[in-house]
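These notes concern the structure reproduced below.
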Amino acid sequence: MKTLKNFFKFPPTFIGIATAFAFLLIFFCVWMTAYDGVTDRINKLKIGLVNEDNDIGANIEKNLKENLPFKVKSYSSVTHAKEDMNNRNLDMVIQIPANFSSLLKEKNTTEINYFIN
Numbered sequence: 104m105k106t107l108k109n110f111f112k113f114p115p116t117f118i119g120i121a122t123a124f125a126f127l128l129i130f131f132c133v134w135m136t137a138y139d140g141v142t143d144r145i146n147k148l149k150i151g152l153v154n155e156d157n158d159i160g161a162n163i164e165k166n167l168k169e170n171l172p173f174k175v176k177s178y179s180s181v182t183h184a185k186e187d188m189n190n191r192n193l194d195m196v197i198q199i200p201a202n203f204s205s206l207l208k209e210k211n212t213t214e215i216n217y218f219i220n
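104 is the number of the first residue of the sequence shown in this note's numbering; add one for each residue after it.
The following block contains the structure:
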């Protein structure tokens with residue numbers, strides 16, 4: 104306990120504690136205001152969808168276009184979609200691979216690839 108009392112006798116101790124609390128308060132305020140209204144702007148998100156699978160992938164593509172609150176644009180190739188994403192025309196690219204249905208039927212597991220800008 105004596106060590107703690109001696110520790111608090113030094114002015115730099117209080118400066119360090121005050122700085123830590125100030126940083127905490129500033130970080131909290133900036134963090135909370137940065138995410139204000141994110142869900143209000145979700146309809147401005149632009150997604151490119153590349154469906155290489157004509158079986159189950161077609162149903163997924165249809166459902167995504169109908170049910171997502173985003174702007175969804177179909178592409179025939181991942182390369183073209185990634186170009187648009189790199190040119191800031193898209194925020195994300197979703198790729199349904201050609202073997203999507205077959206892997207799902209055979210192994211009950213598959214992957215959907217996505218790329219984020």
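Backbone N, C-alpha and C fix where the C-beta goes; we use that ideal spot for every residue, glycine too. Fair warning: this is a prediction, and the values are worked out from it, not measured in the lab.
Asked                                                                                                    : Found
Contact check, lysine 185 vs valine 175, beta carbons under 8 angstroms                                  : no
Nearest to aspartate 156 (by Cα), restricted to the options Thr106, Thr213, Asn220                       : Thr213
Buried or exposed (CB count within 10 angstroms, at least 16 for buried), tyrosine 138                   : exposed
For isoleucine 215, three-class secondary structure by DSSP                                              : coil
Of the listed residues Ser177, Asp158, Ala201, nearest to lysine 149 (C-alpha basis)                     : Ser177
Whole runs of the alpha helix (DSSP H) within the region 124-184, excluding any shorter than 4 residues  : 159-170
Opening and closing residue of the beta strand (DSSP E) in which methionine 104 lies                     : Methionine 104 -> no beta strand (DSSP E), and no H or E assigned at all.
Straight-line gap, serine 72 to asparagine 202 (C-alpha atoms, nearest Å)                                : This structure cannot speak to residue 72, because the chain is shown only from 104 to 220.
Residue range of the unbroken alpha helix (DSSP H) whose run includes phenylalanine 203                  : 203-210
Strand pairing of isoleucine 118, partner residues [DSSP]                                                : Isoleucine 118 pairs with nothing; no bridge assigned.
Rounded separation between methionine 135 and aspartate 143 - CA only                                    : 15 angstroms
Presumed contact (8 angstroms Cβ cut-off) between isoleucine 197 and isoleucine 215, rounded CB distance : 6 angstroms
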